[in-house]
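Residue numbers (the numbering used here): 9 to 863.
For each residue, glycine too, the CB sits at the ideal point set by N, CA and C.
Predicted, not measured: the structure shown is a model, and the values here were computed from it.
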């Protein structure tokens, strides 16, 4: 009995331990790992990515939103292989998986366009594309005349490829070693640092006809290192992108959409598989460029099988696309059904990596995400809200928008913040309290901008401290100005300069005051006593020759010509929200000339002084133009609409000693527009006439010339300064940039980033008899010239984007033949007492260079 009982107990114990072992084995076999597969660039979840155990041989695919669940293998070690079309395979050892049962797996490095191979049916893919195109009118989310929605925007800016060794090895960076604690990375080789983050919540209203936009920002938050230049450069992320359009404008460049009606000429379409999501059937379509060098995309989309609408599209710009400094660019758009047959945009993501340096060097990654909620289309309430607009596009910021609490943001965000976005909030507080960081940023700003701030004042720019010219030889100059800490509305500036050879002082003082609560009224006043180096362009902002670099690149055998001006000016400007502006000005000027120009007494009415007083009116209309206003200047960002300008001026004879009475009228129109698939065209057309007189040459129209090898877009580059004058004129500057359209015809140029252009500049002018008699055009040292009703032309072509910064222009000059006035002879061995002046050598061909920073 005891033995039987013992055996019974032992058997029970045996089966108990066996059961534990079996249970543990079963539990191990049923252990599940879950998570998401992410695009490392956009941080978007990837649907239908493949995951497979290398040794065990089984796996799964992510679902329609990029999530997965996968059993662990019974035998270990093993490796999890993550694959997706267009990306290199990502390998994860099994031990890494065991550290966590939830994974966010980032895919490997993006393959080049040639590396993408999809085993699909191309003919079926082309048929699917044709169906998408035929149904575009019904599925385009922007087909509605009016719509409104609640918009959530967030923008993040990261520094990519942070060099960890720099913080340890470079003495200047060692104090910033704490930054490494905030660095995140896909791998140890590609760390990045989030440095800026902003988000807004707004109500957005839109109507197509008439075009009106109204955005009411209800909440706004900005955290991070705000750099205006980088944010302006990321401005392309703010534009509206419609993947259904034939052409998509990005950073001012035209990309051919994969959904374009001519897409088959630029894309290879490949049908993959069919997916079922929420009981709806979708087709999976891949697209890739047919050839390198075009502005195209590679990516994929999901197509609704019933309506042939796009549910989700992911596009990566081709690696050989003609877009400068952008290392990589991705667009992801998601759509949802508004009713049973209408699709609207639900999410929009734009990601760009901007790399001004070489590969694998420091770069910026900007990520902009837009989410749309509570969309309403063609509702009368939209019109009622848009009636409140005083201009076509208005942005209204609620008084409490910047004061929203964390509780408000947590409840209103359409998606929670990620860990990198949260790090920005912590990092900026640390940097703001670090004095050395501010010291370094101020030093960098001084080198780039040229100015150094000391509280309420600033000095510079440093590149004007020392310069030279043929009149003064060595010239010193010192500038002083107020900053926004002195006043946000009042800017005062002045400089003093000294010429070593002439032993004379020159200078200027000016002030500009923006009247508060005046809706765009500003007042300007200045006094100038300095050399006028000649007009360099057709607008009011002449290109300054007063810097240390211009003498190094002067064209040889051309004598500099100067006029000394003592000028008092006052102006009042009004800018309306409609982009219409007016300026009323008064100017009093006293002129003195220097050789080789004629002495002022020879062209003066009283054979002595040349004093002029002028009242001017300027009207400007620039519809669609945007501007970025800083304390020092307003930078105009022109759109694709024409810009109109009209100027009128009258001479006030007898006022402040003025001897001249006349009327000047000038008009101009300028525009930049695109020709689909053929680049962009810009033009500037102008004309003018001066009534009354006679007037000395400095009061006539001086056609702008250029005497240095640096190309001037608004001047005639083979025309000398003070070469041609007119009192009636008409002209045009026209340039057509082909991007890479023609160069792509050469196979070896398709992967080169240079772009081709051509241009023409022409002006026709005349001079009245009375102005011709006063300005005799036959002075011994220098001959003033008139076009005599003929046309001066410069034709040019060249390449830009050489090494991403350099532009080379080849220019040909076609000038009217020189006419010798009656009674004048060419100088010979024994010239007569009044010889016709020796012609100044003129080049018929020239090569010019310039630097430009554009995409």
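Cβ distance (whole Å) where residue i is taken to contact residue j below 8 Å
| i | j | result |
| --- | --- | --- |
| residue 702 | residue 782 | 4 Å |
| residue 715 | residue 566 | 5 Å |
| residue 627 | residue 595 | About 17 Å; that fails the 8 Å criterion. |
| residue 746 | residue 569 | In fact, because the Cβ distance is near 37 Å, the residues do not count as touching under 8 Å. |
| residue 293 | residue 311 | 6 Å |
| residue 220 | residue 382 | Rounded, the Cβ-Cβ distance is 20 Å, inconsistent with contact. |
| residue 55 | residue 70 | 6 Å |
| residue 506 | residue 513 | 5 Å |
| residue 883 | residue 154 | Outside the displayed span of the chain (9 to 863) sits residue 883, for which this structure offers no information. |
| residue 818 | residue 805 | 6 Å |
Residues that residue i bridges to, as DSSP identifies them
| i | result |
| --- | --- |
| residue 628 | 589, 653 |
| residue 562 | 716 |
| residue 484 | 474, 506 |
| residue 819 | 804, 854 |
| residue 272 | According to DSSP, residue 272 bridges with nothing at all. |
| residue 772 | 738, 799 |
| residue 264 | 255 |
| residue 292 | 310 |
| residue 766 | 744, 805 |
| residue 688 | 682, 745 |
| residue 501 | 489, 518 |
Counted within 10 angstroms of its Cβ, other Cβ atoms place residue i as buried (16 or more) or exposed
| i | result |
| --- | --- |
| residue 95 | buried |
| residue 317 | buried |
| residue 811 | exposed |
| residue 150 | exposed |
| residue 472 | buried |
| residue 230 | exposed |
| residue 123 | Residue confidence is low: residue 123 scores 42 on pLDDT, short of 50, so the model does not pin down where it sits. Its coordinate-derived value is still stated next. The residue in question, residue 123, is exposed, as its Cβ has fewer than 16 Cβ neighbours within 10 Å. |
| residue 249 | buried |
| residue 455 | exposed |
| residue 376 | buried |
| residue 547 | Annotation note: pLDDT 49 at residue 547 (below 50); position unreliable, coordinate value reported separately. Flag for residue 547 reads exposed. |
| residue 283 | buried |
| residue 850 | exposed |
| residue 853 | exposed |
| residue 463 | exposed |
| residue 281 | exposed |
| residue 227 | buried |
| residue 662 | exposed |
| residue 34 | Only weak support exists for where residue 34 lies, its pLDDT of 42 falling under 50; the value from the coordinates is given anyway. By the neighbour-count rule (16 or more Cβ atoms within 10 Å), residue 34 is not buried but exposed. |
| residue 289 | exposed |
| residue 113 | buried |
| residue 81 | buried |
| residue 304 | buried |
| residue 424 | exposed |
Run of the beta strand (DSSP E) containing residue i, from where it starts to where it stops
| i | result |
| --- | --- |
| residue 158 | 154-168 |
| residue 606 | Residue 606 -> no beta strand (DSSP E), and no H or E assigned at all. |
| residue 518 | 512-522 |
| residue 540 | 529-540 |
| residue 613 | First-last for residue 613: undefined, no H or E at that position. |
| residue 460 | 460-462 |
| residue 379 | 371-385 |
| residue 643 | 642-645 |
| residue 323 | 318-325 |
| residue 46 | 40-46 |
First through last residue of the alpha helix (DSSP H) which encompasses residue i
| i | result |
| --- | --- |
| residue 451 | 443-457 |
| residue 415 | 414-420 |
| residue 391 | 388-394 |
| residue 555 | Premise fails: residue 555 is in no alpha helix (DSSP H) and is neither H nor E. |
| residue 777 | 777-782 |
| residue 146 | 144-147 |
Closer than 8 Å is the cut-off here; do at least three beta carbon pairs connect the region 719-737 with the region 851-860?
yes
Three or more C-beta pairs under 8 Å: does that hold for the region 643-657 against the region 704-717?
Fewer than three pairs of CB atoms, one per stretch, sit closer than 8 Å, so the region 643-657 makes no contact with the region 704-717.
The region 419-431 / the region 441-454 touching (three or more Cβ pairs under 8 Å)
Judged by Cβ distances under 8 Å, the region 419-431 makes no contact with the region 441-454, as fewer than three pairs qualify.
Between the region 734-741 and the region 592-606, can you find at least three pairs of beta-carbon atoms closer than 8 Å?
No, the region 592-606 does not touch the region 734-741.
Does the region 611-622 come close enough to the region 678-690 that 3 or more CB-CB pairs lie under 8 Å?
The region 678-690, when compared against the region 611-622, does not touch it at the 8 Å Cβ threshold.
Contact between the region 413-422 and the region 386-397 (3+ Cβ pairs under 8 Å):
Touching, no, given that fewer than three Cβ pairs across the two stretches are closer than 8 Å.
Within the chosen definition, does the region 573-581 reach the region 484-500 through at least 3 CB pairs nearer than 8 Å?
no
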